[in-house]
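Per the working numbering, the very first residue in the sequence shown carries number 1073; after that it's consecutive.
In what follows, a single structure is set out as structure tokens and then discussed.
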Amino acid sequence: MRAIRAFAALAVAASALSAVPAIAHETAQAAPARPVMVCATDAATRRAFTREHGAAPVFITAREVLALRASDPTWATPRCITAIEHTRLVNGSAYARAR
């Protein structure tokens, strides 16, 4: 069986979230964790993901990750992203940080 080519990454897209300064008497809260895994799209990977996480993989794009806001609902099961979309995410995050 092909191993799931994945690494656990917290795609908290902090660079995409608007930075609002915290008021002095309020405590700063971290953005909710939204785990994303790099997954292949073959049947074996889908079966392995379903076996491990109890649900079929849901694929998201780099654009969707970068568009996440702190107010968006979190998810219980990790989302999957393809290797190409992961590259786009890394490049997009680097571009956002440079701006």
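Just so it is clear, CB atoms sit at the ideal spot from N, CA and C, and this is done for glycine as well.
As for any alpha helix (DSSP H) of minimum length 4 sitting wholly inside the stretch 1132-1165, the runs are 1134-1138, ordered along the chain. The C-beta of residue 1122 has fewer than 16 other C-beta atoms within 10 Å across all chains shown, which makes the residue exposed.
Rounded to the nearest whole angstrom, the CA to CA distance from residue 1162 to residue 1111 is 16 Å.
Residue 1117: member of the alpha helix (DSSP H) spanning 1115-1125, first to last residue. Sequence-distant Cβ neighbours of residue 1129 in its own chain, meaning closer than 7 Å and more than five residues away, are 1111, 1118, 1121 and 1152. Closest option to residue 1108, judged by alpha-carbon separation, among 1157, 1155 and 1150: 1150.
For residue 1130, the secondary structure class from DSSP, reduced to helix, strand or coil, is coil. With fewer than 16 other Cβ atoms inside 10 Å of its own Cβ, residue 1116 counts as exposed.
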